[in-house]
Structure formats: structure tokens, C-alpha cells
Amino acid sequence: MTGFKRVEAEDLAFFEEVMPGRVLSGAAISTDHMHDEMTEYGSYAPEAVLQAESAAEICAVLRYCNERRIAVTPRGAGTGLCGGCVAVQGGIVLCSERMKRVLEVDVRNMTATLEPGVLLMEFPKALEGTGLFYPPDPGEKTATMGGNVMTNAGGMRAVRYGVTRDYVLGMDVALADGTLLTLGGKNVKTSSGYSLLNLMIGSEGTLGIVTKLTVKLIPEPRANVSLLLPFDDLDACIGAVPEILACGCEPTAVEFMEREVIACAERYLGKQFPDASADAYLLVRLDGPSVEALRPGMEALTDLALRLGARDVLLADTSERKESIWNARGAFLEAIKGSCSTMDECDVVVPRDRIAAFVRRSAEIGRAENVRVCSFGHAGDGNLHIYVCRDGMEDAAWKRAVTAVMDALYAAARDMGGAVSGEHGIGHAKRGYLLQSLGERQLELMRGIKKVFDPNGILNPGKVV
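Its first residue numbered 5, the sequence shown is counted upward by one per residue in our numbering.
Here it is as C-alpha cells:
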């Protein structure tokens with residue numbers, strides 16, 4: 005905690021004045037506030053946990069902490085996978101999960117205004133009956149909307165609709181000195197100076213803490229179908245992706261999965277996948293105004309897939325069939341976690357024409373280090389999730405193997421023109437790999453931006469840069 009003041013009794017007394025009954029310290033702090041979902045990256049105990057309910061409370065706390073150089077770690081639901089919301093420098097954890105109101109759904113402007121603690125899984129309920137929907141679809145539905153914005157989360161529908169950044173029109177953000185800044189609003193376009201709004205998106209709470217969001221909505225598609233394409237050959241499976249994207253059917257999602265991951269999901273859910281006999285699969289979703297309107301795309305996609313080596317095309321056009329496939333897809337992360345004692349994750353993104361090469365390379369790296377590697381991901385936008393599983397390895401062997409595998413995976417991504425993270429962010433776990441990927445000059449510029457917004461370095465210290 006070099007350079008930061010420890011939280012003392014007088015500090016706790018001030019915090020209690022600001023948010024009575026919502027300040028935790030000592031034994032009252034749950035271990036849940038000491039790590040995120042990837043426990044491989046360690047457990048860090050804050051000196052206090054503060055549960056904010058308003059922007060005014062957040063601003064008051066930041067003003068106080070900035071004057072005294074107390075480290076502040078923002079936290080939503082804690083579902084991250086890179087150690088981005090843990091107090092690696094001590095100080096306080098400032099939680100926004102109680103700020104969970106949907107303040108407005110503006111049908112005429114097709115926007116919604118909400119607090120950052122609204123859960124991704126709860127937000128659609130506020131849109132029921134409006135004919136509108138929010139397209140970003142990250143896999144972790146218990147994440148907060150604020151957390152999604154701070155990591156620029158992507159998800160399965162990014163192929164057609166884009167990522168979180170594409171739907172954030174405005175936000176209120178509390179700066180390190182306690183100033184509340186309004187960025188953007190309901191305007192759908194602007195060319196008014198530097199985009200501070202876009203700078204905040206994906207900044208992981210290192211530049212400011214979001215207190216309110218305005219997001220863009222679009223008309224909800226009235227029909228959707230999913231097609232499961234089993235392939236006996238991995239190269240044929242991944243190699244089909246560029247042609248599927250170019251065939252004119254405009255897929256909403258193109259997901260890649262291997263048989264081993266499906267087997268993990270079957271065990272985890274206690275339910276059978278519609279087909280588990282092939283080595284690799286693509287899962288394609290099409291959205292449209294009606295099933296009839298989707299039919300030409302379905303037929304074109306079926307003909308193309310069979311021509312490219314798919315052994316079959318399984319159509320999911322009923323709620324039951326769709327749920328059997330997409331529930332399994334949504335459970336992949338938890339299923340893999342449940343299959344081993346611990347694991348690490350590589351969230352790289354590579355050009356779409358290099359997906360097959362990267363998946364092959366990840367398997368080779370796993371074999372070379374004698375460690376189990378599982379993979380799945382968003383084949384339609386080149387974002388792959390590679391999981392390195394510990395299984396029964398001893399501590400020393402695991403630490404050596406996981407380091408060697410992760411180093412090799414990120415090196416392979418760099419060689420293929422890829423990037424360190426497609427959607428999970430950097431946190432404290434991937435900082436070294438970010439430097440290797442971007443180089444010192446880009447990191448130097450980022451540190452300069454950080455210094456402008458947060459001169460005392462109190463906001464989420466030890467993260468990203």
C-alpha cells in the first residue's frame with residue numbers, strides 16, 4: 005500500500021456519516037469482496053467496504069479519499085475475470101450494486117436511463133411491452149450494467165449488433181476529486197471535441213466512477229432461429245466462419261465450441277446437449293421480423309454449411325430447442341470451473357481468418373505443457389476464451405505450467421495481429437501482457453491520461469496501466 009493512507013477510525017466515522025449502516029470493516033467484510041470470479045488471481049482484503057446508494061454519496065467519499073490519498077476500488081457485482089474489482093492496494097471498496105433503479109425508458113428517443121447497479125439479467129424486464137431491446141449480450145447475466153460499461157463487454161450478439169460501447173449515449177461520472185461530470189446524453193451523434201465518454205467506457209474505474217447511464221435501444225426482432233452445425237474436423241468448422249459471415253444471412257451470433265466443453269456443460273446441467281458426437285460445433289442465430297422472412301437465410305446457411313463440411317444442420321425453432329442449446333452455451337464457464345480445482349483464462353481476440361490457427365496453436369501449447377486446455381468463444385468476431393485447467397497438478401507444477409501456457413498464448417495472439425482482451429478487460433492480472441501487446445509508448449500515453457483524471461492515483465490503483 006505504498007503511498008496510500010490506511011483507513012483509520014476517523015475515516016470510518018466519516019464514511020458512516022455519509023452512508024449510515026452501509027460501512028463494513030474488519031470481520032464484517034465478506035470474503036466475497038476480496039476477489040472476483042477468477043480466484044486464481046488472489047484474495048485482497050480491503051480496509052472497508054462502502055455500499056453507496058447515490059451519486060452524492062460517491063462524490064462525497066471520493067472527495068474525502070482524494071484529499072487523504074486513500075485508495076478507492078470501484079465494484080459492481082464482482083463477476084469480472086481479471087481481478088479488476090479487488091483492492092490490491094488496500095483502502096476501500098466502493099460498491100454500486102445498491103444503485104439499481106431504471107430511471108426512465110424513453111420510447112420516443114429509444115433510450116433508457118438507469119443506475120450502474122442494474123443487473124444485465126434484470127434490465128430487459130423494464131423494457132417489456134415497449135417493443136425495444138438492448139442488444140449487448142455478455143454471457144454473465146448477473147453482471148451489472150455499470151460493470152459492462154467499464155469493461156466494454158461484448159457477448160454473443162456482438163457480430164451483428166456491436167459491443168457495449170456502441171450503445172452508451174451518456175453517463176454521469178464521479179471524478180477522483182468528487183466532481184460529478186455529465187458526458188453525452190440522448191443525442192445519437194456528436195462531433196463536439198474529444199470524446200471523454202468513449203474514454204470512460206472500458207476504463208475499468210481507473211478514470212472515474214459511473215453513477216448513471218443513458219443507453220440506446222433498438223426495435224426488438226420478432227423472431228429468431230438457431231442452427232447448430234456439427235463438424236468432424238476443427239479446421240473445417242472454424243474455416244466456415246468467414247463464409248458464413250459473407251453469405252448474406254446476417255447472423256446475430258456465431259459461436260464456436262468443442263466437444264469437451266459440451267461434455268462439461270452436460271455434467272454441470274445434468275441435461276443432454278442436442279448433439280455431442282462431433283469434435284467441433286458452430287452455433288448460429290438469425291434474427292428477423294418473422295420466421296418466414298428468415299427462411300431464405302436459413303436455407304442458404306444450411307446449403308453452405310453442408311457444402312463446407314458440416315455433418316448435419318440441426319434447427320432450433322421452438323423455445324424448448326433454443327433453451328436446450330443456449331442454456332448449455334451460457335453455462336460453459338461455470339461448467340469448466342466445476343470440472344477442475346482452479347483455472348486461468350485467456351480472453352484474446354484475433355482477426356477472424358486466424359481463429360482456426362489460434363485454436364490449433366492453443367491445443368499444441370496445452371499438449372506441450374501437459375495441461376488441459378478448453379476453448380470456446382465468439383467465432384463471429386474472433387474473440388476466443390481459452391481456459392487452462394489445473395486438474396490434479398501440484399502447486400509448483402501448476403504455477404510453472406500456467407505461466408508457460410499463458411505466455412505462449414498471448415505471444416501467439418500478438419504474432420497473429422490480435423489483442424490481449426476482447427471483452428473481459430485487463431484488471432491487475434493482465435497488465436504485463438497489455439504492455440507486451442501495445443508497447444511502452446501507448447502505455448505511456450494511457451498513464452498520462454490517467455494522471456490528468458486522477459492526479460493522486462486513488463482510483464482503482466494497480467489496474468490496467
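Built from N, CA and C at the ideal position, the CB exists for glycine as well.
Spell out a yes or no on whether the region 344-357 and the region 404-417 are touching, meaning 3 or more CB-CB pairs, one atom from each, closer than 8 Å.
Segments in contact, yes.
Quick check on this structure: which residue in Gly386, Asp385, Tyr391 and Gly384 has the alpha carbon closest to the alpha carbon of Val377?
Of the candidates Gly386, Asp385, Tyr391 and Gly384, the residue whose Cα lies closest to the Cα of Val377 is Tyr391.
DSSP three-state assignment for Val53, whether helix, strand or coil
The three-state secondary structure of Val53, taken from DSSP, is strand.
Candidates Ala250, Val11, Arg271 and Cys268: closest to Leu308 by CA position
Closest option to Leu308, Cα to Cα, is Ala250.
Considering only residues of the same chain and omitting the five flanking positions on each side of Arg169, which have a CB-CB separation below 6 Å?
Excluding residues within five positions, the ones whose Cβ falls inside 6 Å are Asn156 and Ile205.
Since Asp283 and Asp236 are thought to touch, with beta carbons under 8 Å apart, how far apart are those beta carbons, to the nearest angstrom?
Yes, Asp283 and Asp236 are in contact; Cβ-Cβ is about 6 Å, under 8 Å.
Starting from Glu349, trace the beta strand (DSSP E) in both directions and tell me its first and last residue.
From DSSP, the beta strand (DSSP E) with Glu349 extends over Met347 to Cys350.
Reference Val111, options Ile462, Glu132 and Ala59, closest by Cα:
Ranked by Cα distance from Val111, the options Ile462, Glu132 and Ala59 are led by Glu132.
Beta-carbon separation (whole angstroms), Val153 vs Thr134, contact threshold 8 Å:
With a Cβ gap of about 21 Å, Val153 and Thr134 do not count as contacting.
Rounded straight-line distance, which links the Cα of Gly189 to that of Tyr171
Computed Cα separation, rounded: 12 Å.
Going straight from the alpha carbon of Met5 to that of Tyr48, what length do you get?
Only weak support is given to the placement of Met5: the predicted model assigns it a pLDDT of 43, under 50, and the question is left unresolved by the model.
Candidates Thr183, Gly429 and Arg333, of which the one nearest Cys69 by Cα:
If we check each option's Cα against that of Cys69, Thr183 comes out closest.
Nearest to Cys393 by alpha carbon, out of Ala367, Gly151, Gly386 and Asp385?
Considering only alpha carbons, the answer is Ala367.
Among Arg226, Ala64 and Ala17, which residue has its Cα nearest to the Cα of Ala178?
Out of Arg226, Ala64 and Ala17, Ala64 has the C-alpha closest to the C-alpha of Ala178.
Taking just the CA atoms, how far does Pro140 sit from Arg161?
Cα-Cα distance, rounded: 6 Å.
Less than 8 Å separating the beta-carbons of Glu262 and Phe380?
It is a contact, given that the beta carbons lie within the stated cut-off.
Asp176 lies in the beta strand (DSSP E); which residues open and close that run?
Going by DSSP, Asp176 is part of the beta strand (DSSP E) stretching over Val172 to Ala178.
Just list the residues that DSSP pairs His538 with in beta bridges.
There is no way to answer for residue 538, as the model of the chain reaches only from 5 to 469.
Using the beta-carbon count (16 or more within 10 Å), is Asn464 buried or exposed?
Under this definition Asn464 is a buried residue.
Tell me the DSSP bridge mates of Val288?
Beta-bridge pairing links Val288 to Leu231 and Val258.
In or out: Glu41 buried (at least 16 other Cβ within 10 Å) or exposed?
Buried.
Counting C-beta neighbours from all protein chains within 10 Å, is the total for Gly80 16 or more, i.e. buried, or is it exposed?
Label assigned to Gly80: buried.
Bridge-paired residues (DSSP) for Ser379
Per DSSP, the beta bridge partners of Ser379 are Ile390.
Under the three-state DSSP convention, the category Ala335 falls into
When DSSP states are grouped into helix, strand and coil, Ala335 belongs to the coil group.
Can you tell me where the alpha helix (DSSP H) with Asp239 in it begins and where it stops?
Run containing Asp239: Leu238 to Gly243, per the alpha helix (DSSP H) assignment.
Please report the distance separating the alpha-carbon of Ala227 from that of Ala280.
Roughly 27 Å between the two C-alpha positions.
One or two residues paired with Ile96 in a DSSP bridge:
Paired residues: Ala52 and Val76.
Take the Cβ of Arg289 as the centre, count every other Cβ of all protein chains shown within 10 Å, and call the residue buried at 16 or more, exposed below.
Arg289 sits buried, since 16 or more C-beta atoms from the chains shown fall within 10 Å of its C-beta.
Going by DSSP in three states, Ser366 sits in which element: helix, strand or coil?
Ser366: helix per DSSP, three-state reduction.
Buried versus exposed call for Thr218 [16 or more other C-beta atoms within 10 Å across all chains shown]
That one is buried.
For Glu108: DSSP bridge partner residues:
Looking at the DSSP output, Glu108 bridges to Thr117.
Option nearest Glu448 by Cα separation, candidates Val468, Gly431, Ile430 and Lys434:
Residue Val468 is the option with its Cα nearest to Glu448.
With three or more C-beta pairs closer than 8 Å as the rule, is the region 101-108 touching the region 27-46?
Touching, no.
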